[in-house]
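Chemist:
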Amino acid sequence: DHGDGKFLRMLMFGKPGAGKGTLSGRLVKKYDITSLSAGDLLRQQIAERTEVGRTAESIVASGGLVSDDIMLKIVSSKLDQLRNKHWILDGFPRTLPQGEMLDEALHTRGTPLTLIVNLDVPDEVILSRISDRWIHLPSGRVYNMSYNRPKVEGFDDVTGEPLTKRPDDNPEIFARRLKQFYESTSPLLAYFASKPSSATKLVTLRGETSDEIWPQLESVVTGTFPSLRERVEPKEERR
Numbered sequence: 001d002h003g004d005g006k007f008l009r010m011l012m013f014g015k016p017g018a019g020k021g022t023l024s025g026r027l028v029k030k031y032d033i034t035s036l037s038a039g040d041l042l043r044q045q046i047a048e049r050t051e052v053g054r055t056a057e058s059i060v061a062s063g064g065l066v067s068d069d070i071m072l073k074i075v076s077s078k079l080d081q082l083r084n085k086h087w088i089l090d091g092f093p094r095t096l097p098q099g100e101m102l103d104e105a106l107h108t109r110g111t112p113l114t115l116i117v118n119l120d121v122p123d124e125v126i127l128s129r130i131s132d133r134w135i136h137l138p139s140g141r142v143y144n145m146s147y148n149r150p151k152v153e154g155f156d157d158v159t160g161e162p163l164t165k166r167p168d169d170n171p172e173i174f175a176r177r178l179k180q181f182y183e184s185t186s187p188l189l190a191y192f193a194s195k196p197s198s199a200t201k202l203v204t205l206r207g208e209t210s211d212e213i214w215p216q217l218e219s220v221v222t223g224t225f226p227s228l229r230e231r232v233e234p235k236e237e238r239r
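If you use UniProt numbering, the sequence shown corresponds to residues 1 to 239, in order.
1) When the Cα atoms are used, what is the spatial distance from Met10 to Val152?
2) Let me know the secondary structure DSSP gives Val221 once reduced to three states.
3) To the nearest angstrom, report how far apart Pro171 and Leu127 are at their CA atoms.
4) Going by the DSSP bridge assignment, what does Glu90 pair with across the sheet?
5) Keeping to the same chain, check which residues put their C-beta closer than 7 Å to that of Gly154; ignore five residues upstream and five downstream.
6) Return the bridge partner residues of Phe174 from the DSSP annotation.
7) Note down, in chain order, each residue of its chain lying with its Cβ closer than 7 Å to the Cβ of Val66, except the 5 sequence neighbours on either side.
8) With a threshold of 8 Å between beta-carbons, can Gly21 be considered close to chain B, or not?
9) Pull up the distance between the alpha-carbon of Ile135 and that of Tyr143, whole angstroms please.
10) Quick one: Cα of Val75 to Cα of Arg149, how far?
11) Out of Lys6, Leu27, Leu8, Phe7, state which residue places its alpha-carbon closest to the alpha-carbon of Ser210.
12) Does DSSP classify Asp120 as helix, strand or coil?
13) With Lys201 as the anchor, note down where its beta strand (DSSP E) starts and where it stops.
14) Secondary structure at Gly14, three-state DSSP: helix, strand or coil?
15) Taking the alpha carbon of Lys73 as the reference point, which residue from Leu137, Thr159, Leu106 has its own alpha carbon closest?
16) What residue from Arg49, Arg129, Phe7 has the CA that sits closest to Leu116's CA?
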């Protein structure tokens, strides 16, 4: 039974820096949900030299963008293997035509999207977060001048080595990425909002940090999909 509300088939939208990766990571770690990245699936097809992978490889090699048709083929062939599984898809759809194609393909298969989450984090919050962010490159340690300052300003707590900025942590680049996000994602969200499908639930979660949004996300997901199981840690079984 691929009943409408039974399986989590989810897309999450959020501007760059809204905490999408952090939040979907927490869901996948705690619950029995398969996490899919469109980019990873594409690379996998190329590596395995499948028919669609070889087509994609020649396009990528010549600096082109893989067409919507090919991406849909790659994504939906993977989703076909997950008919009775909970999943979250990242990186596709990014545009309105892709959204329409995916929606149509999943409906045809009888496995429609069941949850679309829109993360609403204020622009100025994300902007101040990236302008306050410093990193210690060798270890990946991240400091934030607002809430997680280094003991000595400009230097890593553990090694004493200097901290640096990420190249794309600058307001101009961020503003450009934000503009791209609004141009491509607003029509997508409008499309899903305007389609009154009983199968698909669309929710907007508001907050300034992932920690603020997490309890809202968890309660929507567990409330809507009672069949969702927490992952069992092997070490707990042995006790």
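Ideal Cβ positions, reconstructed from N, Cα and C, are used throughout, including at glycine.
Modeler: This is what the structure holds:
1) 43 Å
2) In the structure shown, Val221 sits in a helix (DSSP, three-state: H, G or I).
3) 7 Å
4) What sits at residue 90 in the sequence shown is Asp, not Glu. In the DSSP output, where bridge partners are listed per residue, Asp90 has Ser37.
5) Pro162, Leu163
6) Looking at the DSSP assignment, Phe174 forms no beta bridge with any residue, so it has no partner.
7) So the qualifying residues of the chain are Leu42, Ala56, Ile59, Val60.
8) No chain B is part of this structure, which consists of one protein chain only.
9) Here the C-alpha atom of Ile135 lies approximately 6 Å from the C-alpha atom of Tyr143.
10) 41 Å
11) Leu27
12) It is a strand residue.
13) 201-206
14) strand
15) Leu106
16) Residue identity check: residue 116 is Ile in the sequence provided, not Leu. Ile116 has its Cα closest to that of Phe7, out of Arg49, Arg129, Phe7.
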